[in-house]
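In this note's numbering, the protein residues as written are 378 to 1073.
Backbone N, C-alpha and C define an ideal beta-carbon position, used for all residues, glycine too.
Given the structure is predicted, the values throughout are model-derived calculations rather than measurements.
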């Protein structure tokens, strides 16, 4: 990293007066030191760190949070280096204003993790540290946050064990314990309902008994309260904190400080929790490790799963990656001997078996409003037996598009290369990418004909069709529209468990992590498009999604059934799902990846570019490709192509893929390439690098 001075000139000597907000320490005797400088990382759109003068009498070791003047504003930054000089003339240096008193300095291991993320994901260190800090701690003026109470010692920890372990569960626990003295990555491959959660809880108990902290990552916020309740029930005396973006600023800051001080014994969170500081982390668990939600898609595009593994490696602790459908990257790591493997091949509950899975040929049994006769008949049988059904469609809204039969006009977003989705109950057409809304027209905007009809199926349309086909059935829809209000998702899930809902309709929110004893039928609607996607990961994602949602059926002593509506009932992917044969699917998919040269047999980076002016992103990327090829690295540089969503929120978007056979070849190239692009000072186009992209 480079370094700059903190802004305008500052006098060489003299007193410094300042009114300090609560939470910040005063600058000793009011004088600053001319001999001691601090290098500070700030969250600004510049690559460098910045030099400031230290204050006499104020200890500011690396990791300290400090308030600094920056231009005409004030910012909170983190000291990354103490020194005795600067290449910037002293007359131009400004002094820090104060040290943030109520936040202890970040530890060396935490700073090391942030430096790794900055280097690997090709982002400024200040941006990485800002992603770590909760919003409240980034405020230059705020109320002091009370220090969290120290964690209580276990007595003798109070772990409540209500379950008899199966033999595979015991073996899985021993597989992790065997490497507890150092870095030990274990892939826990367990079918849905096999008791992975019980394994996690026993391993957390081991960790707390050793007086160390445990980190548990979940892919989605909706799963956090459910697991938090289980942990609190099973560890009644433990200090448990949740960490996710839906917490208010105060709670997020308190969880962060509790983890840093050691007051938090267990931290449960989404991907942002992996960047929290810990006093003595002893175990990291990544549940549903295959899930794409672990990859941040904006700014610092990090993979929380990969960062968790790196963190465990640096700390010398075990890390457990759990899934019913492990990522192909993790399977390859097992095959290459880098990860240990523990299997849970059967469901844990006595009398619970894997559901029967069958396909319904939609070319023969034509769907009406998205539903085949076979699926509706199966739901009726469950209603007669007072059992529950789940209908899964990964598309919210009433219909993907509104269509004019007279002139073929269809509802598109003027700001994005996407259709406006019809939300009939709200009387709106909405873009699910930029948020644009408009009223549903009474007539075609082009030819003024009144012959407008919805095409395709969304969750709203399925709900209407089911209410018509099943009068009297108690139906609930779960998607982002219906659960926007706080507490609504929990209310629906509580109603399902109480048996007051017969049919649940929803998107991927329902696909994982939930256990409903009365739910015996899962219907999957409209999933064929993934079979022919340009995304090389599409088949892997579809397989995982189908296995996960299928796993909601028959988890107690009632037999479960899954019906997949498809135009391609003999497709090998559906056959692998129906036979619960993940190994077969993974072997075939890995063989295809090896031939095609895709991960895990290569390493990718995407240069993304966007601009409001048509053509500029592609022009920039062509120039960037010439620069890349001129570096003469062992890296394959492809030609620019439009992004999957070519236009979003008024910006035209394009991307350029580069591929290497190893990280050792890719990383040095990316550093040189990015440096060369920064030197060109491009201002017309916004661009960024995405290392290990999930969507290509």
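- Can you name the residues that DSSP bridges to residue 736? The count along the chain shown starts at 1 and reaches residue 736 at position 359. DSSP, once it has assigned bridges, lists 941 as partnering residue 736.
- Between residue 930 and residue 983, which are expected to be in contact by the criterion C-beta below 8 Å, what is the C-beta distance as a whole number of angstroms? Numbered from 1 along the chain shown, position 553 holds the residue referred to as residue 930. Numbered from 1 along the chain shown, position 606 holds the residue referred to as residue 983. Going by Cβ atoms, the distance from residue 930 to residue 983 rounds to 37 Å, so no, they are not a contact pair.
- Looking only at its own chain, which residues have a Cβ that is under 7 Å from the Cβ of residue 744, when we skip the five neighbours before and after it? Mapped onto the chain shown, residue 744 falls at position 367. Answer for residue 744: 942, listed in chain order.
- What whole-angstrom Cβ distance do residue 524 and residue 515 have, given they're in contact under 8 Å? Your numbering for residue 524 matches position 147 in the chain shown. Your numbering for residue 515 matches position 138 in the chain shown. Between the beta-carbon of residue 524 and that of residue 515 there is about 19 Å, and that puts the pair past the 8 Å contact cut.
- If I'm right that residue 463 touches residue 428 with Cβ under 8 Å, what's the distance once you round it to whole angstroms? Mapped onto the chain shown, residue 463 falls at position 86. Mapped onto the chain shown, residue 428 falls at position 51. Contact between residue 463 and residue 428 holds: CB atoms are separated by about 4 Å, below the 8 Å threshold.
- Task: Specify the secondary structure class of residue 1074 as computed by DSSP and reduced to three states.
- Result: Lying before the first or after the last residue shown, residue 1074 is absent from the chain, which here runs from 378 to 1073.
- Query: Which residues in the same chain as residue 648 place their Cβ atom closer than 6 Å to its Cβ, once the five residues preceding and following it in sequence are excluded?
  - Reply: Counting from one through the chain shown, the residue named residue 648 turns up at place 271. Cβ neighbours of residue 648 beyond the five flanking positions: 671, 681.
- Run through DSSP, which three-state label would residue 765 get? Within the chain shown, numbered from 1, the residue matching residue 765 stands at position 388. In the structure shown, residue 765 sits in a strand (DSSP, three-state: E or B).
- Message: Please classify residue 1037 as buried or exposed, where buried requires at least 16 neighbouring CB atoms within 10 angstroms.
- Response: Here residue 1037 refers to the residue found at position 660 of the chain shown. By the 10 Å Cβ count, residue 1037 comes out buried.
- Message: For the beta strand (DSSP E) containing residue 1044, name the first residue and the last one.
- Response: Counting from one through the chain shown, the residue named residue 1044 turns up at place 667. From DSSP, residue 1044 is part of no beta strand (DSSP E) but of the alpha helix (DSSP H) over 1040 to 1056.
- Message: DSSP three-state label for residue 700, please.
- Response: Counting from one through the chain shown, the residue named residue 700 turns up at place 323. In the displayed model, residue 700 falls within a strand according to three-state DSSP.
- Message: I'd like to confirm something about residue 905: is its beta-carbon nearer than 7 Å to some heavy atom of the ligand GDP, or not?
- Response: Looking for the ligand GDP in the displayed structure turns up nothing, as the structure carries no ligands at all.
- Query: What do you get for residue 764, buried or exposed, if any count of 16 or more other CB atoms within 10 angstroms of its CB means buried?
  - Reply: Your numbering for residue 764 matches position 387 in the chain shown. Around the beta carbon of residue 764, a 10 Å sphere encloses 16 or more other beta carbons of the protein chains shown; the residue is thus reported as buried.
- Task: Decide yes or no for the touch test of the segment 444 to 459 against the segment 414 to 423: beta carbon pairs closer than 8 Å, at least 3 of them.
- Result: Touching, yes.
- Taking Cβ to Cβ, would you say residue 804 is nearer than 8 Å to residue 903? Your numbering for residue 804 matches position 427 in the chain shown. Your numbering for residue 903 matches position 526 in the chain shown. The Cβ-Cβ distance between residue 804 and residue 903 does not fall below 8 Å.
- Item | Cβ distance (whole Å) where residue 624 is taken to contact residue 505 below 8 Å | Sequence index remark: in the chain shown, residue 624 carries index 247 (1-based). Sequence index remark: in the chain shown, residue 505 carries index 128 (1-based). Taking the Cβ atoms as the reference, residue 624 lies roughly 21 Å from residue 505, outside the contact range of under 8 Å.
- Message: Between which residues of its own chain and residue 707 is the CB-CB distance below 7 Å, once the five residues before and five after are set aside?
- Response: On the chain shown, residue 707 is found 330 positions in, with the first residue counted as 1. Within its own chain, the residues whose Cβ lies closer than 7 Å to the Cβ of residue 707, once the five positions on either side in sequence are excluded, are 564, 666, 698, 716, listed in chain order.
- With 16 as the cutoff for other CB atoms within 10 Å, does residue 1078 come out buried or exposed? No answer is possible for residue 1078: the residues shown for the chain start at 378 and end at 1073.
- Item | Which of helix, strand or coil DSSP assigns to residue 790 | Residue numbering aside, residue 790 sits at position 413 when the chain shown is read from its first letter. When DSSP states are grouped into helix, strand and coil, residue 790 belongs to the coil group.
- Between the Cα of residue 569 and the Cα atoms of 874, 792, 959, 607, which residue gives the shortest distance? Position 192 of the chain shown, counted from the first residue, corresponds to residue 569. Among 874, 792, 959, 607, the Cα nearest to that of residue 569 belongs to 959.
- Query: By how many angstroms is the C-alpha of residue 622 removed from the C-alpha of residue 811?
  - Reply: Position 434 of the chain shown, counted from the first residue, corresponds to residue 811. Position 245 of the chain shown, counted from the first residue, corresponds to residue 622. Each residue's alpha carbon lies about 20 Å from the other.
- Please report how far the alpha carbon of residue 701 lies from the alpha carbon of residue 817, in whole angstroms. In the chain shown, counting from the first residue as 1, residue 701 sits at position 324. In the chain shown, counting from the first residue as 1, residue 817 sits at position 440. Straight-line Cα distance between these residues: approximately 42 Å.
- Message: On the DSSP letters alone, give me the boundaries of the beta strand (DSSP E) that residue 1020 sits inside.
- Response: Along the chain shown, one-based indexing puts residue 1020 at 643. Element bounds for residue 1020: 1018 to 1025.
- Query: Where does residue 784 fall in DSSP's three states?
  - Reply: On the chain shown, position 407 is the one that residue 784 refers to. In the structure shown, the three-state DSSP call for residue 784 is coil.
- Task: Under 6 Å Cβ to Cβ from residue 534, same chain only, skipping five residues before and after it: list those, please.
- Result: What you label residue 534 is simply residue 157 of the chain shown in a count that begins at 1. Cβ neighbours of residue 534 beyond the five flanking positions: 585, 586.
- Task: Give the secondary structure of residue 532 by DSSP, where H, G and I count as helix, E and B as strand, and everything else as coil.
- Result: Translated into positions along the chain shown, residue 532 becomes position 155. Note that residue 532 has pLDDT 47, beneath the 50 cutoff, so the model's placement of it is unreliable and no number is given.
- Message: Can you find the residues in the same chain that come closer than 7 Å, C-beta to C-beta, to residue 386, ignoring five residues on each side of it along the sequence?
- Response: As a working note, residue 386 is residue 9 in the chain shown. For residue 386, the predicted model reports a pLDDT of 29, less than 50, meaning its position is unreliable; a value from the coordinates is still stated below. If the five residues before and after residue 386 are omitted, its C-beta is found closer than 7 Å to the C-beta atoms of 468, 469, all from its own chain and listed in chain order.
- Measure the Cβ-Cβ separation of residue 886 and residue 556 and say whether it is below 8 Å. Within the chain shown, the letter at position 509 stands for residue 886. Within the chain shown, the letter at position 179 stands for residue 556. No, they are not a contact pair.
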